[in-house]
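Novice: Here the sequence shown stands for residues 87 to 275, numbered as in our numbering. Just so it is clear, CB atoms sit at the ideal spot from N, CA and C, and this is done for glycine as well.
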Amino acid sequence: MDSQMDEEAPKMYNEKPNILITGTPGVGKTTLARLLCEYVDSLTYVNVGDLIKEKKLYKKWDEEFDVPIFDEDMVCDELEPYMQQGGMVIDFHTSGFFPQRWFNLVVLLRCNNTDLYDRLKARGYAEKKITENIECEILEVTSEEVYDSYDSDVIVQLHNEKESDMQNNINIIIERLKMWKAQKDAQKQ
Ligand SMILES: Nc1ncnc2c1ncn2[C@@H]1O[C@H](COP(=O)(O)OP(=O)(O)OP(=O)(O)O)[C@@H](O)[C@H]1O
Ligand SMILES: [Mg+2]
């Protein structure tokens, strides 16, 4: 998938940060993103997978896995006005097609194979689907995509395995958001 290192595109001047939460299916994106939006009132949660289905942002259907094959341009066009407003928490398992300029923070969630396997199994996923997702995590497919697509200074990689990791991860993200705000305020002076 092509990354959009769109240096020529206009910069975003939002008062509120846009955050991407990404990682292999089952790493805990939705759980963490929703919790973050509970902690920080000014943030709005967007589940891109649900949005694709609700707004029919696809032109083809994957018969084998019974899921839509989303259209990257349709997804970006749908999200653009919201990203211009700022304060969006975007939850999606793939990220290289989003414009780089959208995000002030990119959270890459990771999980060990054993816990990931158990989580996907508990969802009732078929062995083939579980294996594909575990391989994706082992081969660092999502991780590579993130590091190829975004500046390393906006990326934060977090392990999300135990229940206690969740609160630690929220604290780390909130600290990063405070740093972003402080930098922004300093630029205004
Ligand atoms: N830190 C954690 N400790 C223990 N269990 C967790 C943790 N984070 C998430 N989980 C559990 O893992 C499962 C998968 O989490 P979640 O649905 O948030 O993943 P996801 O990355 O959004 O997956 P998908 O990409 O398929 O939507 C859920 O049952 C959730 O309760
Ligand atoms: Mg999810």
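Who are TRP188's beta bridge partners in DSSP?
Specialist: Locating residue 188 in the sequence shown gives position 102, where the first residue counts as 1. According to DSSP, which records beta bridges pairwise, TRP188 is partnered with nothing at all.
Novice: CA-CA distance, VAL242 and GLU261?
Specialist: Translated into positions along the sequence shown, residue 242 becomes position 156. Translated into positions along the sequence shown, residue 261 becomes position 175. If I take the Cα positions, the gap works out to 11 Å.
Novice: Suppose you measure from the CA of GLN90 to the CA of LEU106; what does that come to, to the nearest Å?
Specialist: In the sequence shown, the residue the question calls residue 90 occupies position 4. In the sequence shown, the residue the question calls residue 106 occupies position 20. Low per-residue confidence applies at GLN90: pLDDT is 47, beneath 50, and the placement is therefore not dependable, though the value from the model is reported in the following sentence. Their backbone Cα atoms lie some 15 Å apart in a straight line.
Novice: Going by DSSP, what residue range makes up the alpha helix (DSSP H) through PRO111?
Specialist: Counting from 1 along the sequence shown, the entry for residue 111 is found at position 25. That residue, PRO111, is in no alpha helix (DSSP H); it is neither H nor E in DSSP.
Novice: Taking all protein chains shown into account, do 16 or more other C-beta atoms lie within 10 angstroms of the C-beta of TYR236, making it buried, or fewer, making it exposed?
Specialist: The residue given as residue 236 occupies position 150 in the sequence shown. Counting Cβ neighbours within 10 Å, TYR236 comes out buried, since at least 16 surround it.
Novice: Would you tell me roughly how many angstroms separate the C-alpha atoms of LYS264 and PRO154, rounded to the nearest one?
Specialist: On the sequence shown, residue 264 is found 178 positions in, with the first residue counted as 1. On the sequence shown, residue 154 is found 68 positions in, with the first residue counted as 1. So the two alpha carbons sit approximately 37 Å from each other.
Novice: Count the C-beta pairs between the region 215 to 223 and the region 110 to 119 that are closer than 8 Å, then say yes if the count reaches three, no if not.
Specialist: Yes, they touch.
Novice: Would you please state the rounded distance, in angstroms, between the beta carbons of THR116 and ASN133? I believe it to be under 8 Å.
Specialist: Taking the first residue of the sequence shown as 1, we reach residue 116 at position 30. Taking the first residue of the sequence shown as 1, we reach residue 133 at position 47. About 6 Å separates the two Cβ atoms, so the contact holds.
Novice: Is the region 169 to 182 touching the region 127 to 146 in the sense that three or more CB pairs, one from each, lie closer than 8 Å?
Specialist: Cβ pair count under 8 Å is three or more, so yes.
Novice: If you draw a straight line from the alpha carbon of ILE259 to that of ASP234, how long is it in whole angstroms?
Specialist: Here residue 259 is taken as the residue at index 173 of the sequence shown, counted from 1. Here residue 234 is taken as the residue at index 148 of the sequence shown, counted from 1. Each residue's Cα considered, the two are about 21 Å apart.
Novice: Could you tell me whether any non-hydrogen atom of ligand 1 is closer than 6 Å to the CB of THR200?
Specialist: On the sequence shown, residue 200 is found 114 positions in, with the first residue counted as 1. Outside the cutoff, so no.
Novice: Could you check the C-alpha separation between LEU118 and GLN275 for me, to the nearest Å?
Specialist: Taking the first residue of the sequence shown as position 1, residue 118 is located at position 32. Taking the first residue of the sequence shown as position 1, residue 275 is located at position 189. If I take the Cα positions, the gap works out to 34 Å.
Novice: I need the straight-line Cα distance from ALA212 to ARG196, nearest angstrom please.
Specialist: Counted from its first residue, the sequence shown places residue 212 at position 126. Counted from its first residue, the sequence shown places residue 196 at position 110. Straight-line Cα distance between these residues: approximately 21 Å.
Novice: From ASN246 to VAL126, what distance separates their C-alpha atoms?
Specialist: Counting from 1 along the sequence shown, the entry for residue 246 is found at position 160. Counting from 1 along the sequence shown, the entry for residue 126 is found at position 40. So the alpha carbons of these two residues sit roughly 20 Å apart.
Novice: Helix, strand or coil: how does DSSP classify THR130 here?
Specialist: Taking the first residue of the sequence shown as position 1, residue 130 is located at position 44. In the structure shown, THR130 sits in a strand (DSSP, three-state: E or B).
Novice: Mapping DSSP to helix, strand and coil, what is ASP237?
Specialist: For the purposes of this step, residue 237 is taken as the residue at position 151 of the sequence shown. Here ASP237 sits in coil by DSSP.
Novice: Could you name the residues of the same chain whose beta carbon sits closer than 8 Å to that of THR130, not counting the 5 residues immediately before and after it, in chain order?
Specialist: Counting from one through the sequence shown, the residue named residue 130 turns up at place 44. CYS123, TYR168, GLY173, MET174, VAL175, listed in sequence order.
Novice: Quick one: is SER238 buried, meaning 16 or more other Cβ sit within 10 Å of its Cβ, or exposed?
Specialist: Within the sequence shown, residue 238 is the residue found at index 152, counting from 1. Exposed.
Novice: Just confirm the distance between the C-beta atoms of ASN190 and VAL232, as a whole number of angstroms; I'd bet it's less than 8 Å.
Specialist: Taking the sequence shown and counting its residues from 1, the one referred to as residue 190 is at position 104. Taking the sequence shown and counting its residues from 1, the one referred to as residue 232 is at position 146. Not a contact, Cβ separation roughly 15 Å.
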